[in-house]
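Engineer: Residue numbers (my numbering), protein chains in the order written: chain A, 3 to 208; chain B, 151 to 313.
Glycine is no exception: its CB is placed at the ideal position from the N, C-alpha and C atoms.
The structure's right below; bear with me while I get my questions together.
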Amino acid sequence: MKKSILLSIGLLILMVFSIEIKAHGGGYQVGDKASDFNLKSVDGSMVSLSGLEGAKGAIVIFSCNTCPYVVAYQDRMIDLHNDYSSKGYPVIAINSNDEKISPGDSFKKMQERSKDKKFPFPYLYDQSQEVIKAYGGTKTPHVYLLHKEGGAYNVKYIGAIDNNYQDASAVTEKYVEDALDAVINGKKVAVESTKAIGCSIKWTKK
Amino acid sequence: MVLCYLTFFWLYLIYPQADSYIEQRAVQNFKVIDFDEFESTINNPSEKLRIFNFWATWCAPCIKEMPYFESVKSQDPDLELFFISMDDGRNPERVTNFISKRKIKAPVYLLDEVNFNKWIGKVDRDWSGAIPATLFIKPDGSRSFHEGEVSEEELKQLIKQQK
């Protein structure tokens with residue numbers, strides 16, 4: 003009797019775990035159509051994919067203020083936007099961290115960071131975490147390169163910005179730039195997904 | 151006055167030694183390794199269930215769960231525990247300072263390998279790269295992996311599933 007109770011408790015825990023994994027482990031694969039969003043940016047404006055004027059795609063980066071990897075990549079995110087927004091691919095940074103768990107990632111702190119670093123790109127607050135769940139982002143920074151095809155924003159690359167967070171001058175593989183250049187030139191993206199260490203998303207506790 | 155000088159001299163003699171003693175203890179538990187060394191460590195046969203916890207000094211949820219790992223390890227002689235640091239290899243003292251300050255008992259290896267895409271998938275196919283994350287290796291070599299933070303209860307459950 004005792005054993006079967008223990009077993010059912012164990013099973014229940016397992017079930018809860020797998021539901022958790024399903025909720026966060028889904029998301030997009032390369033080739034999927036990305037859903038639109040409508041989120042508030044640090045300047046107070048609402049930003050959506052459909053509202054991007056003249057865009058051919060977007061470099062969506064799940065980001066935040068507090069992660070050291072994001073801090074290491076901030077300047078490279080600015081460079082990416084400056085190099086590719088005129089070609090139709092702006093950077094859109096999205097912070098999904100719960101400010102109760104990570105106070106340094108509040109909307110006010112996002113505004114401060116954007117002002118301090120003079121972000122040329124929108125920096126959006128995904129307070130409900132619905133956008134990151136739809137995309138399947140698990141960490142910061144986590145890049146989703148989108149390319150507009152027939153009105154749909156299709157995912158062309160998922161992963162890291164490049165292969166050396168410590169030193170931009172020591173980078174040997176510029177994953178996002180290479181993927182962008184392939185997409186712009188109508189070629190197939192050679193490396194469609196990469197993995198990198200990142201800071202876990204601070205999910206809202208239910 | 152002389153006493154004053156003597157006291158300073160004594161302090162001068164004692165303090166650097168005290169510092170280096172703490173440092174040495176930390177260093178005994180600490181190594182900077184590359185991925186090949188990590189792989190050979192995990193491929194070493196062991197009669198115990200081995201736990202490799204991926205963490206970093208700047209990762210709040212990682213630091214929160216570390217005492218749970220140390221606690222289960224201290225209660226179970228059939229466990230082996232390793233903390234694998236993802237900290238910046240250019241500043242290993244951040245990790246050694248952390249080890250001595252928090253009195254971390256398990257060995258800590260700083261995996262200094264920034265070309266992440268080359269090795270993350272080899273640790274586990276499903277690991278997205280977010281930390282904390284934990285690799286369990288049974289004595290028969292079979293592995294399981296957990297991405298994300300655990301409570302002490304969850305950790306005990308995860309260990310139970312391995313046995």
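Can you name the residues of chain B whose CB is closer than 7 angstroms to the CB of A:THR196?
Structural biologist: As a position in the first sequence, residue 196 of chain A is number 194, starting the count at 1. In chain order: ASN267.
Engineer: What ranges does the beta strand (DSSP E) occupy inside the stretch 62 to 147 of chain A, keeping only unbroken runs of at least 3 residues that lie completely in it?
Structural biologist: Runs found: 93 to 97, 125 to 127.
Engineer: Between which two residues does the alpha helix (DSSP H) carrying B:PHE219 extend?
Structural biologist: Working through the second sequence from its first residue, we reach residue 219 of chain B at position 69. Element bounds for B:PHE219: 210 to 225.
Engineer: Buried or exposed, going by whether 16 or more other CB atoms sit within 10 Å of the CB of A:GLY161?
Structural biologist: Taking the first residue of the first sequence as 1, we reach residue 161 of chain A at position 159. Its Cβ being crowded by 16 or more others within 10 Å, A:GLY161 is buried.
Engineer: Cα separation between A:ALA60 and A:GLY138?
Structural biologist: In the first sequence, residue 60 of chain A corresponds to position 58, counting from 1. In the first sequence, residue 138 of chain A corresponds to position 136, counting from 1. Cα to Cα, A:ALA60 sits roughly 17 angstroms from A:GLY138.
Engineer: Specify whether the stretch 216 to 236 of chain B and the stretch 48 to 62 of chain A touch according to this definition: at least 3 beta carbon pairs, one from each stretch, less than 8 angstroms apart.
Structural biologist: With the cut-off at 8 angstroms, the stretch 216 to 236 of chain B and the stretch 48 to 62 of chain A do not touch.
Engineer: Whose CA, out of A:GLN168, A:VAL185, A:ALA95, A:PRO122, lies closest to the CA of B:GLY239?
Structural biologist: Counting from one through the second sequence, the residue named residue 239 of chain B turns up at place 89. Closest by alpha carbon: A:GLN168.
Engineer: When the distance is taken between beta carbons, is A:VAL185 closer than 9 angstroms to A:VAL145?
Structural biologist: In the first sequence, the residue the question calls residue 145 of chain A occupies position 143. In the first sequence, the residue the question calls residue 185 of chain A occupies position 183. The answer is no: Cβ separation not under 9 angstroms.
Engineer: Using C-beta distances below 8 angstroms, list every residue in its chain close to B:ASP237, excluding the 5 sequence neighbours before and after it, in chain order.
Structural biologist: Position 87 of the second sequence, counting from 1, holds the residue named residue 237 of chain B. Excluding sequence neighbours, B:ASP237 sits near ALA206, THR207, TRP208, ARG244, VAL245, LEU260.
Engineer: For chain B, is any of its Cβ atoms less than 9 angstroms away from the one on A:SER65?
Structural biologist: The count along the first sequence starts at 1 and reaches residue 65 of chain A at position 63. No, its Cβ sits nowhere closer than 9 angstroms to a Cβ of chain B.
Engineer: Find the residues of chain A that neighbour B:ASP238, judging by a C-beta separation of less than 7 angstroms, and give them in chain order.
Structural biologist: Indexing the second sequence from 1 puts residue 238 of chain B at position 88. Ordered by position in chain A, the residues that pass the 7 angstroms Cβ test against B:ASP238 are GLN168.
Engineer: Might you give, ordered along the chain, the residues of its own chain that have their beta carbon closer than 7 angstroms to the beta carbon of A:ILE163, omitting 5 neighbours on each side?
Structural biologist: The sequence position of residue 163 of chain A within the first sequence is 161, counting from 1. So the list reads TYR75, ARG78, PRO143, VAL145, TYR177, VAL178, once near-sequence residues are dropped.
Engineer: Shorter than 9 angstroms from the beta carbon of B:ILE164 to some beta carbon of chain A?
Structural biologist: Translated into the one-based positions of the second sequence, residue 164 of chain B becomes position 14. Residue placement at B:ILE164 cannot be trusted, given a pLDDT of 48 that sits under 50; the coordinates are not used to answer.
Engineer: For B:PRO242, which residues of its own chain have a beta-carbon under 7 angstroms away from its beta-carbon, when the five flanking residues on both sides are left out?
Structural biologist: Against the second sequence, residue 242 of chain B aligns to sequence position 92. If we look at B:PRO242 and ignore the five residues flanking it on each side, its Cβ neighbours are VAL182, LEU260.
Engineer: Which residues does DSSP list as the beta-bridge partners of B:THR284?
Structural biologist: Start at 1 with the first residue of the second sequence, and residue 284 of chain B comes out as number 134. Note: B:THR284 sits in a beta bridge opposite B:ASN203, B:HIS296.
Engineer: Using the beta-carbon count (16 or more within 10 Å), is A:GLY200 buried or exposed?
Structural biologist: By one-based count along the first sequence, residue 200 of chain A stands at place 198. With 16 or more Cβ atoms within 10 Å of its Cβ, A:GLY200 is classed as buried.
Engineer: Please report the straight-line C-alpha distance between A:VAL191 and B:GLY271, rounded to a whole angstrom.
Structural biologist: As a first step, residue 191 of chain A is located in the first sequence; it is residue number 189 there, counting from the start. As a first step, residue 271 of chain B is located in the second sequence; it is residue number 121 there, counting from the start. When rounded, the distance between both Cα atoms is 20 angstroms.
Engineer: Are the Cβ atoms of A:ILE103 and A:LYS207 separated by less than 9 angstroms?
Structural biologist: Translated into the one-based positions of the first sequence, residue 103 of chain A becomes position 101. Translated into the one-based positions of the first sequence, residue 207 of chain A becomes position 205. Yes, the Cβ-Cβ distance between A:ILE103 and A:LYS207 is below 9 angstroms.
Engineer: Can you grab the Cα-Cα spacing for the pair A:ALA154 / B:LYS288, in whole Å?
Structural biologist: Taking the first residue of the first sequence as position 1, residue 154 of chain A is located at position 152. Taking the first residue of the second sequence as position 1, residue 288 of chain B is located at position 138. Distance between the alpha carbons of A:ALA154 and B:LYS288 is about 46 angstroms.
Engineer: Counting only Cβ pairs nearer than 7 angstroms, list the residues of chain A close to B:PRO211.
Structural biologist: Along the second sequence, read from residue 1 onward, the residue named residue 211 of chain B stands at position 61. Within 7 angstroms Cβ-Cβ: SER202.
Engineer: With a cut-off of 8 angstroms, do at least 3 Cβ pairs link the stretch 125 to 134 of chain A to the stretch 91 to 105 of chain A?
Structural biologist: Output reads yes: the stretch 91 to 105 of chain A touches the stretch 125 to 134 of chain A.
Engineer: For B:PHE248, report the span of its alpha helix (DSSP H) as first-last.
Structural biologist: What you label residue 248 of chain B is simply residue 98 of the second sequence in a count that begins at 1. That run of the alpha helix (DSSP H) goes 242 to 252.
Engineer: Quick one, which residues of the stretch 248 to 264 of chain B are near chain A if we go by CB-CB under 9 angstroms, in chain order?
Structural biologist: Residues VAL264.
Engineer: So is A:SER52 buried or exposed if we call it buried at 16+ other beta carbons inside 10 Å?
Structural biologist: Along the first sequence, read from residue 1 onward, the residue named residue 52 of chain A stands at position 50. Exposed: under 16 other Cβ atoms inside 10 Å.
Engineer: Counting pairs of Cβ atoms below 8 angstroms between the stretch 36 to 50 of chain A and the stretch 66 to 73 of chain A, do you hit three or more?
Structural biologist: In short, these stretches do not touch, since the Cβ pair count stays below three.
Engineer: In chain order, what residues of the same chain have a beta carbon less than 6 angstroms from the beta carbon of A:SER108, not counting five sequence neighbours either side?
Structural biologist: To locate residue 108 of chain A, count along the first sequence from 1; it is residue 106. Within the same chain, A:SER108 has close Cβ partners GLU101.
Engineer: Does chain A have any CB closer than 9 angstroms to the CB of B:PRO242?
Structural biologist: Indexing the second sequence from 1 puts residue 242 of chain B at position 92. Closer than 9 angstroms: no.
Engineer: Would you please state the rounded distance, in angstroms, between the beta carbons of A:ASN165 and B:ASN247? I believe it to be under 8 angstroms.
Structural biologist: As a position in the first sequence, residue 165 of chain A is number 163, starting the count at 1. As a position in the second sequence, residue 247 of chain B is number 97, starting the count at 1. With a Cβ gap of about 29 angstroms, A:ASN165 and B:ASN247 do not count as contacting.
Engineer: Tell me whether the beta-carbon of B:GLU230 lies closer than 9 angstroms to the beta-carbon of B:SER301.
Structural biologist: Numbered from 1 along the second sequence, position 80 holds the residue referred to as residue 230 of chain B. Numbered from 1 along the second sequence, position 151 holds the residue referred to as residue 301 of chain B. No. Outside cutoff.
Engineer: Could you tell me if B:ALA280 is buried or exposed, where buried requires 16 or more neighbouring beta carbons within 10 angstroms of its beta carbon?
Structural biologist: Translated into the one-based positions of the second sequence, residue 280 of chain B becomes position 130. Buried, by the Cβ-count rule.
Engineer: So for B:LYS181, helix, strand or coil by DSSP?
Structural biologist: One-based indexing of the second sequence puts residue 181 of chain B at position 31. DSSP places B:LYS181 in strand when its eight states are reduced to three.
Engineer: How long is the line joining the alpha carbons of A:TYR125 and A:TYR91, rounded to whole angstroms?
Structural biologist: Translated into the one-based positions of the first sequence, residue 125 of chain A becomes position 123. Translated into the one-based positions of the first sequence, residue 91 of chain A becomes position 89. When rounded, the distance between both Cα atoms is 15 angstroms.
Engineer: If I measure Cβ to Cβ from B:GLU297 and keep anything under 7 angstroms in the same chain, skipping five residues before and after, which residues do I get?
Structural biologist: Taking the second sequence and counting its residues from 1, the one referred to as residue 297 of chain B is at position 147. Cβ within range, chain order: TRP277, SER278, ALA280, ALA283.
Engineer: Let me confirm a value: B:ARG275 is counted as buried when at least 16 other C-beta atoms fall within 10 Å, else exposed. Which label applies?
Structural biologist: Position 125 of the second sequence, counted from the first residue, corresponds to residue 275 of chain B. When all chains shown are included, B:ARG275 counts as exposed.
Engineer: With a cut-off of 9 angstroms, does the C-beta of B:PRO227 fall near any C-beta of chain A?
Structural biologist: Here residue 227 of chain B corresponds to residue number 77 of the second sequence, with the count starting at 1. No, no contact with chain A.
Engineer: With a CB to CB cut of under 7 angstroms and the five nearest residues on each side skipped, what residues in its chain are close to A:HIS86?
Structural biologist: Walking along the first sequence from the start, residue 86 of chain A turns up at place 84. Sequence inspection shows Tyr at residue 86 of chain A; the His mentioned does not correspond to that position. Taken in chain order, the residues that qualify are ILE61, LEU182.
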